[in-house]
Structures are given as C-alpha cells and as structure tokens.
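Protein chains: 2
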Amino acid sequence: MLRPIGPVIVFGASNFPLAFSVGGGDTASALATGNPVVVKAHERHPGTSELVAEAIRRAVVASGLPAGVFSLLHGPGHIVGRTLVQHPLTRAVGFTGSRTAGRALFDAAAARPEPIPVFAEMSSLNPVFILPGALRERGATIAAGLTNSVTLGVGQFCTKPGLVFGAENADFASFRGAFAEKLKAVAPATMLHSGICASYRKLLSRAEALSAAKPLARANPGDPTKTQGEAVALEIDVPSYIKHPEVAEEIFGPFAWIVTARDFAELEAAAEHLEGQLTATVHGTPDDLRQAAALLRILERKAGRVLINGFPTGVEVSPAMNHGGPYPATTDVRFTSVGTAALLRFVRPVCYQDFPSELLPEPLRNANPRGLWRTIDGKLSQAAIPAGS
Amino acid sequence: MLRPIGPVIVFGASNFPLAFSVGGGDTASALATGNPVVVKAHERHPGTSELVAEAIRRAVVASGLPAGVFSLLHGPGHIVGRTLVQHPLTRAVGFTGSRTAGRALFDAAAARPEPIPVFAEMSSLNPVFILPGALRERGATIAAGLTNSVTLGVGQFCTKPGLVFGAENADFASFRGAFAEKLKAVAPATMLHSGICASYRKLLSRAEALSAAKPLARANPGDPTKTQGEAVALEIDVPSYIKHPEVAEEIFGPFAWIVTARDFAELEAAAEHLEGQLTATVHGTPDDLRQAAALLRILERKAGRVLINGFPTGVEVSPAMNHGGPYPATTDVRFTSVGTAALLRFVRPVCYQDFPSELLPEPLRNANPRGLWRTIDGKLSQAAIPAGS
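Just so you know, the sequences run in chain order U and Z. Under my numbering, the first residue of the first sequence is numbered 1, with each subsequent residue one higher. Under my numbering, the first residue of the second sequence is numbered 390, with each subsequent residue one higher.
#1: Mapping DSSP to helix, strand and coil, what is Z:Ala-578?
#2: So, using beta-carbon positions, are U:Gln-108 and U:Ile-116 closer together than 7 Å?
#3: Whose C-beta lies closer than 6 Å to the C-beta of U:Pro-363 among residues of the same chain, with five residues either side of it excluded?
#4: Could you list the residues in the region 661 to 681 of chain Z with a C-beta less than 8 Å from some C-beta on chain U, going in chain order?
#5: Which one of Z:Ala-620, Z:Val-722, Z:Thr-530 and Z:Ala-601 has the shortest CA to CA distance from Z:Glu-635?
#6: Relative to chain U, which residues along the region 738 to 767 of chain Z have a C-beta separation below 8 Å, given in chain order?
#7: Could you name the residues of the region 311 to 335 of chain U whose beta carbon sits closer than 9 Å to any beta carbon of chain Z, in the order they occur along the chain?
#8: Could you tell me whether the Cβ of Z:Ala-421 comes closer than 7 Å to any Cβ of chain U?
#9: Who are the neighbours of Z:Gly-470 on chain U, taking C-beta pairs under 9 Å?
#10: Got a sec? Which residues, its chain only, sit under 8 Å from Z:Pro-775 by beta carbon, not counting five neighbours each side?
#11: Which chain Z residues are close to U:Ala-341, counting only those with a beta carbon under 7 Å from its beta carbon?
#12: Can you grab the Cα-Cα spacing for the pair U:Gly-284 / U:Ala-292, in whole Å?
#13: Do Z:Pro-701 and Z:Thr-668 have their beta-carbon atoms positioned less than 7 Å apart in this structure?
#14: Locate the beta strand (DSSP E) running through U:Tyr-352, then write down its first and last residues.
#15: With DSSP as the reference, label Z:Thr-472 as helix, strand or coil.
#16: Give the straight-line distance between the Cα atoms of Z:Ala-637 and Z:Leu-514, rounded to the nearest whole angstrom.
#17: Could you check the C-alpha separation between U:Pro-66 and Z:Pro-550 for me, to the nearest Å?
#18: Return the first residue and the last residue of the beta strand (DSSP E) that U:Ile-420 is part of.
#19: Would you call the CB atoms of Z:Thr-579 and Z:Gln-617 closer than 7 Å?
#20: What residue range is occupied by the uninterrupted alpha helix (DSSP H) comprising Z:Pro-628?
#21: Strictly under 7 Å for the Cβ-Cβ distance: is Z:Leu-696 near chain U by that measure?
#22: What is the residue span of the beta strand (DSSP E) that Z:Ser-794 lies within?
#23: Measure the C-alpha to C-alpha separation of U:Asn-148 and U:Glu-250 and round it to an integer number of angstroms.
#24: Specify, as a first and last residue, the run of the beta strand (DSSP E) that U:Ser-71 falls within.
#25: With DSSP as the reference, please indicate the residues paired to Z:Gln-545 in a beta bridge.
#26: On the DSSP bridge list, what partners appear for U:Thr-375?
#27: Taking the alpha carbon of Z:Gly-414 as the point to measure from, which residue in Z:Arg-734, Z:Pro-675 and Z:Lys-691 has its own alpha carbon closest?
#28: Taking buried to mean at least 16 other C-beta atoms within 10 Å of its own C-beta, is U:Glu-54 buried or exposed?
#29: Assuming Z:Pro-643 and Z:Val-736 form a contact by the criterion Cβ under 8 Å, report the distance between their Cβ atoms to the nearest whole angstrom.
#30: May I ask you to report which of helix, strand or coil DSSP gives U:Glu-235?
#31: If you draw a straight line from the alpha carbon of U:Val-37 to that of U:Gly-102, how long is it in whole angstroms?
#32: In three-state DSSP terms, what is Z:Phe-508?
#33: Give the straight-line distance between the Cα atoms of Z:Gly-728 and Z:Gly-395, rounded to the nearest whole angstrom.
#34: For Z:Asp-677 and Z:Ala-523, which I take to be in contact (beta-carbon distance under 8 Å), what is that distance rounded to the nearest angstrom?
#35: Between Z:Leu-696 and Z:Ile-647, is the Cβ-Cβ spacing less than 7 Å?
#36: Within 7 Å of any Cβ in chain U, is that where the Cβ of Z:Glu-689 sits?
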C-alpha cells in the first residue's frame, strides 16, 4: 500500500500565486496523501499567500486536524527555503520557478545525509512543429491559435510555446506573416510583478542582440509604469538555433522564436537538439503525421506531454494528464505535478506481511466497505475478502 | 501511459550473483519496460557474469532484438562504473552493495548536468522486536526460527535480521539461552568470496571490542582456508546501542546483536533510533500487538516491509512485495527492487493529447485487443472504446 512519505516543503511559485502556491497542487497532493505541509511563501506574493494560508488554517481547525499539518513561512529563499530543505524531518520538496533556484534546491537535498526527492519544475520552451500540409491547409488558423497561446496570461504560463519550427516554403512564409500581424495587434498587459517584467525585458534584449536573430513582430509597448510586457517574436534558422544556447533558454513572457528549417531532416535535427520539455506539439494533416513517425518518437523522449493539432497552454486536471518532463523541465521525469497521478509524488510503498486484518490500514482490511480497487491474488477487484480465507 | 525511461546501468551485486546481478531483477525490469541495459559485472563474479550474459545475448538474438539492448562490461567500479553513470545517454542506475559505493554512485548521478535516478540498495539490519507474550508462549520456537533466518545463506541476505530487541525478564533471558544454544550448533559454511569473509571478520572484531558488548554465542570456527564464516551473537543494552553508532551498522554475515531494553518504553526509543530499513518484524500475541500500536507506527516509518510473527529473509516476488525502504536501506524510498512494482523503476509517464488512435502506442488504441486495464473517463475498464466515440 502507498503511505505518506513524511513532511513536505512546498515553495510558492512566482507565476502562479494560486494553482502552484500556498494552496496549489503540491499542497493538495501532500495533504491528500496524509503528509504535513510547510509552505515557503514567494516573496512577491506575501499578501495572497497569507490570505490562502488563513483559509487553509481555518479548514484545518474545522476538520479537527492537528494544527501542525499546515504552516506558512515568509523570508528569503536562500535562507528560509534552504533551511527547510535541509531540516532532518523534511521528506520531500515541491518547487516551481527558475532553473537556477530549482537546481540549488535539488543539489541541497541530494547532499543531505539522507537525500530526499525534490520535484522542481524549472523551464520549458514547449516547441511547436508545424508540418507542410497543415501550413498549406490552415496556416492562418494555426497562426491565430498560436498567438493566443503565446500571449495568454501575458505569456506567463509554464506551457507557453516559445519555439515554433517549420520547413521553409511559401506556406511557412505566409504563416509567419499571419502570425506577425496577429501578434502586433495584441494589447500590452500588466505582468505578475516587476521582477518578471524586468527579467522579460533583459532576456528580450539579449535575444534581439543576436546577429542571427531577425525581428518578426513587436506589439505596441505598454506603459512602463504599469510593468506591462508587449508581445514579441523573432526569427532564426535551425543552424543558428543549434549554435546559440540562448535560443534554447526560456524567455518568460509573451515571446516566441520562429525557427526556420531548410527541410524535414533539419526539423528532426532541431527536435533532437531540444532539452527536456513539459510539452511538444505537432500540427499536421493525416499525411503529414504518417511521415512524421520519427519526429514523434524524438518528441516523446523530449517531453512529458505530446500534442497533435492543439496548443499546450491548457492543462486539464485529469487522470491522463502529465505535467512534467525530462530535465531541465523538471528534476524528476517520473512524476507529474498536475492530475490525479500528482498524488504519487508524496507516497512510499509499505508491505504489511502477515498482519491480522484489524491491524492493517483500513483500505487493506478484508471487509473493503468502500469498494476500493485492490489487487487480490494478482487480479484487480473491488470485492471484500471472505472471513476465514 | 508509462514509457521507457532510457538506457539503464545495472551493477552486479557481490552477494547475489544471480538474482541481483547480470540477469537479475533490475535487468528484467528494465528490459521488460523497453529499456536497453548495460551491466557492470561485479569484480568477484566475472565467470558467473559472463555465463549469464551469454545466455541473455543468445536470447536477444533469438528474439530478434537489436544487439545493443544488452551489454556486459568488466572492470573497476570506480572507473568503469562511474563512467557509465556519468554517460550523457544513461537515464537510470540500479545498484546493490555497500553504503559507501552506493552513495558514491548516487552523488555522481546527482551531480550530472542532467541528474538521473539511482536505485541503490545499501544496508539494512532488519530489526526484530519480540514482545513479552510471544516470549512467554513460544520463546524457544522463535529462537529456532531466528537462528535459521540469521544463518541462512551464511548470513549473506540483505534481509538477514541483525538486531533483535526484547524487554528484559526471565522469558527474554530464556530466549537468549535457547538462541545461543541453537546458534552454537550451526556448522560453519563457505561465504561467497574472500572479500565478504574478510569484511565479516573485521566488523566482528570491531563489535566484540566494544566494552558494552557481551558475548552470547559463537559457533565452531570453520576452516580459514575455505573462507568460512561462523555464526556469532553479541548482547548489548538499549542505551549502549543508542550510544554506539557501530551497533547500527550492518555486519554482513551470520551475526546478530541481541539488544535488551529495560521496559516497553525503551523498546520504542530503540525503534525510534533506527535508521531506514528494508524490513522490521514484530513477534507478539494478539494482546501484545494491541499494546504495540505506537511501536508498529514507528516501524512503518522506518521500514519498507513490516512483518508480524515471521522472519524477513524470505522475499516473495509478488504484486504485494516491497523490497526497499528509507535511506540508507535504499537511496529512493519510493521504489521496490522485487515484485511487479519493480517495473516502475524504469518508466516515465507520457501524455498523448489528441493523437489519432493509430498513432498511439498499441495499449492506448481504442480497440484494446488484449483487454488491458485502462482508465477511461475516470473509471477502470478492460473494454474497447467504440469507434466514433
């Protein structure tokens, strides 16, 4: 049976002050599986964090749980966060944020006398490959959908597409034109906080300074006093994308690279060059997809979720969801942070051998009054075990 | 769906040249889940390793698999093994052996640019708690069973009980006497290799040199030219066990500490002091067990498998088995090396969103010709999905 792993530290995210923070997925998964939770509030969201924590504290009292089952701490991550990760009673860590901070937590946890798992979600460019038939049949529709996906929430989704690949021809040129027109029309909007906005501008400037980068589209800049970020797209070719590691780094905000390949083989080379991603997307007709078997196999190795003819920004909370992926998308490719399987982050198996039924955890007792699915003599079953058997 | 994690490195074990080595559990789990395997042969078992590898190579050819799906390498662990763990294409590592070597592999894997999971099984003392009612009712029977468990395979099982706890009274004294008599009668036997035997003698000498340790039993020593190990037991009290960390270190061979508590509270303190274990065992009558609820809760946190009125040396390969445990029993408390769940070591989830059925992996396609259990709209089902739905 899967049992609680022990006290869990959750780091509030900068970009998701609700769903990936104090009362977000990791806290829900850890509490649901029977673990106490200590949340380190993100320094940019102290008020939101307190409001959510207060609601959880009231729920803890109302449910008759021990008060220690949930705590919220404020303070600098490199002091408060690190101390929590190194505490001998801590058993697991959930984090969503930058690659630098996530890796530092992972390293601190791995260096403990007793190493513990760190589920850090760090960065993803969510590549989108648009194949020739799809470009020919519905390039303008894809351009419109892509614009929405790149600029949704001012580009502050971890699943925002930041790399868009196509093989050069007249249809891909038309697509770029349509995408540029759509993107230019996006109104500027306020980003989550000034830190994200400043980082967006800094990384944009670095990208624009690359001699291989060509401007494709820039929306009207917003009001600098309102920490607004405008939508931007740059063009580059595959050899330059492979040569410049900066192009493979996440730019958090409403930005995308459009990467042009000479041919299909160069698209596959571009896919093989990808680091680990949360998602990878292919747009194609049935004919396109039949010819893209090798590309799909590469993308399955690179990403935790592979989409066909969709956009990655929507993340459904469901049993089939995987929100995770190979490093550096996350530090543990074996687990998801969204969907019912997220519960598996904070459990460990325990085998109870020859226990009298009454000493077993309730779900393992013979009677099975809740009709849980259990494996009995190798077969899945919701049945009770008859007395005396 | 769970998919292969990628190339797996398996380290052959010193103590299990078959079940935990070239063709052992990790190799079987990795191959069964679709991963290529590279085995690093244990230096003490080069011939056995080659014989097993040759059988696997023939099976690879007979099955029409690519030759690269399985390889065996020989050489020093700190050179060949480390190089394999650091190779950029390596995706997971399985190891059974010493705490020092296991931790070194874990650290090397965690320090990689892309960290990878290491499943190292390192050490376990498999504590056994014998409660007063059980001592009174069947102390001699438990002594006989314990002797078998301590000396099975010359004490070279990772599940050998090395720490036996009881609260002092006349029944526990009788038990110790019976256990000593049984142990003294055990014939010496040849250990797996001279390295294990030399290490056994060295750790025995260190244990015997502790001033708090009292000799309890020593069987006839064997023939030193045959690398034989004789059964030995020492006595110590709980405060001394807590004071001397050496007592909590595994002595690989037919040896056990008998640890005497003043009372039940001291038994619980001894349990709380335990490091992570593969197994923990309690012998008790129904009355004993009702009073041992707190002890059982402590042991569940300390061990991957908890047994009542049995001995831990038998490890059944079954869906219910968990052969794993908190550090330092293993480096990853979330996974087992034995039983059907061992397959989970070498897989990662992938979500296929909006794939046409024919592009999905076969188990996810609508028709489900093999009647696999799948989750459809939140419900477990072996049914096919009707066309057009």
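Positions of the beta carbon are idealized from the N, C-alpha and C atoms, including for glycine.
The relevant details are as follows:
#1: Looking at Z:Ala-578 - three-state DSSP - the assignment turns out to be strand.
#2: This sequence places Ala at residue 108 of chain U; Gln is not what is there. No, Cβ-Cβ distance for U:Ala-108 and U:Ile-116 is not below 7 Å.
#3: In chain order, Leu-372 place their CB closer than 6 Å to the CB of U:Pro-363, counting only its own chain and leaving out the 5 sequence neighbours on each side.
#4: Against chain U - using a Cβ distance shorter than 8 Å - the residues of the region 661 to 681 of chain Z are Gly-665, Pro-675 and Leu-678.
#5: Checked all of Z:Ala-620, Z:Val-722, Z:Thr-530 and Z:Ala-601; the closest Cα to Z:Glu-635 is Z:Ala-601.
#6: Result list: Pro-738, Val-739, Cys-740, Tyr-741, Gln-742, Asp-743, Phe-744, Pro-745, Leu-748, Trp-762, Thr-764 and Gly-767.
#7: Taking 9 Å as the Cβ-Cβ cut-off against chain Z, the residues of the region 311 to 335 of chain U that qualify are Pro-312, Glu-316, Ser-318, Pro-319, Ala-320, Met-321, Asn-322, His-323, Gly-324, Gly-325, Pro-326, Tyr-327, Pro-328, Thr-331, Asp-332, Val-333, Arg-334 and Phe-335.
#8: Judged by the 7 Å Cβ criterion, Z:Ala-421 is not in contact with chain U.
#9: Going along chain U, no residue has its Cβ under 9 Å from Z:Gly-470, so there is no contact; the nearest lies around 19 Å.
#10: Cβ within range, chain order: Asn-755.
#11: Simply Pro-738.
#12: C-alpha separation (whole angstroms): 9 Å.
#13: Yes.
#14: U:Tyr-352 -> beta strand (DSSP E) spans 351 to 353.
#15: Helix at Z:Thr-472.
#16: The alpha-carbon of Z:Ala-637 is positioned some 7 Å away from that of Z:Leu-514.
#17: Answer to the nearest angstrom: the Cα atoms are 36 Å apart.
#18: Beyond the ends of chain U as shown, which are 1 and 389, falls residue 420 of chain U; an answer cannot be given.
#19: It is a contact, given that the beta carbons lie within the stated cut-off.
#20: Counting along the chain, Z:Pro-628 sits inside the alpha helix (DSSP H) bounded by residues 627 to 632.
#21: Closer than 7 Å to some Cβ of chain U, the Cβ of Z:Leu-696 qualifies, so yes.
#22: Because chain Z spans 390 through 778 in this model, residue 794 of chain Z falls outside it and cannot be assessed.
#23: A direct Cα-Cα distance of roughly 18 Å separates U:Asn-148 from U:Glu-250.
#24: It spans 70 to 73 - the beta strand (DSSP E) in which U:Ser-71 sits, taken as one unbroken run.
#25: Assignment of beta-bridge partners to Z:Gln-545 by DSSP yields no partner.
#26: U:Leu-380.
#27: Minimum Cα distance to Z:Gly-414 is reached at Z:Arg-734.
#28: With fewer than 16 neighbouring CB atoms inside 10 Å of its own CB, U:Glu-54 falls in the exposed class.
#29: Not really, about 38 Å apart at Cβ, beyond 8 Å.
#30: Three-state DSSP puts U:Glu-235 in a strand.
#31: For U:Val-37 and U:Gly-102, the gap between their C-alpha atoms comes out near 19 Å.
#32: Z:Phe-508: strand per DSSP, three-state reduction.
#33: Between Z:Gly-728 and Z:Gly-395, the C-alpha separation is close to 21 Å.
#34: Confirmed, about 6 Å.
#35: No, these two residues do not count as a Cβ contact at 7 Å.
#36: Yes, its Cβ sits closer than 7 Å to a Cβ of chain U.
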